[in-house]
Amino acid sequence: MKTTIPQAFTEAVRRDPAAPLLTWYDDATGDRTELSGATLDNWVSKTANLLVDGVGLGHGDAVALLLPPHWQTAALLLGVSAAGLAVDLGGDPQPVEALFTTPELVDRAASWTSLDRWATGLLPLAMPLRTPPPGYADYVTEVRNHGDHFRGAPVAPADRALAGPVELSHHEVIGMAADRAAELGITSGDRVLIDVTLYPDPADWLLAPLVADASIVLCANLDASKAGARAATEKVTVTLA
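Each residue of the sequence shown is one higher than the last, beginning at 40 in this note's numbering.
In structure tokens form, the structure reads like this:
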């Protein structure tokens, strides 16, 4: 039985590291990025190493993610969790140990108190920003300097997974994700196409499929005329659009 976010992700990768685990489409830019379990695990490990070895964050520290649904957001959320840190998904501003956002959201991020700040453009091919906002490091550039494997302390079910106005443990988050997967009709082996405009909560577009042993086709700015062909091409079994 899965009891933590890192455990759910590790099991998803272990099933078939070479199989697509998360595929990203943005119909406004034409971007398509396919990440196997092994590739996403590489980003997750690098992110955890950036936060622990690069910054020195410790078990239970809070990291804010002021980001829209995206494959990099998935890597960050999973990386923060793997590092034993708590994710704040951008509710009411509060002090956190680190913060990630986009250049478009730096004005909103200004109300958050954090010493370490990164920005990402969420660009095709994981391109870095030409010029990060003042006071921010570029996530894509910095994370690539860190190791491909994370060997930090294990995360316990009772550890804090979500920070913010409502704090939840890993055990609680996994339970809620399993319930949500059942509500959405996601089961083991499914490949789930998700319109992130309709399902912007990571509990829906990331955690529920992971806990249910499903893979994800994540779509931003979904062109409805392409949805049917995409579902066929990607061998989708559940459509949330």
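Even glycine gets a Cβ: it sits at the ideal position worked out from N, Cα and C.
Note that the structure is a prediction, hence the values are computed from the model and not measured.
Residue nearest to residue i in terms of C-alpha spacing, selected from the options
i, options, result
"V52", "L90, V179, P248, M215", "P248"
"A280", "W244, K41, G160", "W244"
"H185", "R54, S84, M40, A200", "S84"
"A271", "A57, P171, R230", "R230"
"V179", "V194, A192, T170, T159", "T159"
"V273", "D240, L232, A263", "This sequence places Glu at residue 273; Val is not what is there. Taking only the C-alpha atoms, the option nearest E273 is L232."
"E136", "M166, P167, Q111, G97", "G97"
"A149", "E181, P134, L161", "P134"
"L79", "C258, L128, F189", "F189"
"K41", "A101, H210, E181", "H210"
"E50", "L257, D252, C258", "D252"
"T68", "P163, R147, A57", "P163"
"Q46", "D198, G224, G129, L104", "D198"
Status (buried if at least 16 other CB within 10 Å, exposed otherwise) for residue i
i, result
"D187", "exposed"
"N260", "exposed"
"D234", "buried"
"V205", "exposed"
"S254", "buried"
"K265", "exposed"
"T170", "exposed"
"T141", "buried"
"L237", "exposed"
"A57", "exposed"
"R219", "buried"
"P108", "buried"
"R147", "exposed"
As assigned by DSSP and simplified to three states, the class of residue i
i, result
"W110", "helix"
"D131", "coil"
"G178", "It should be pointed out that residue 178 corresponds to Tyr in this sequence rather than to Gly. Note: Y178 maps to helix in three-state DSSP."
"R190", "coil"
"I44", "helix"
"W124", "According to the sequence displayed, residue 124 carries Leu and not Trp. DSSP places L124 in coil when its eight states are reduced to three."
"R219", "helix"
"A149", "coil"
"V94", "coil"
"R71", "strand"
"V102", "strand"
"T159", "coil"
"V275", "coil"
"P284", "Residue 284 falls outside the range modelled here, since the chain spans only 40 to 280, and no answer is possible."
"P56", "coil"
Inter-residue Cα distance where the pair is residue i and residue j
i, j, result
"V250", "A216", "7 Å"
"S153", "P132", "10 Å"
"P196", "V119", "15 Å"
"L60", "L74", "6 Å"
"I44", "V91", "18 Å"
"N88", "A122", "8 Å"
"D240", "A77", "24 Å"
"L115", "D177", "13 Å"
"P167", "V275", "31 Å"
"R269", "T72", "14 Å"
"A221", "P173", "44 Å"
"T226", "G267", "21 Å"
"G130", "G203", "7 Å"
Segments of 3+ residues assigned as beta strand (DSSP E) that fall wholly inside the segment 191-265: 199-201, 230-234, 254-259
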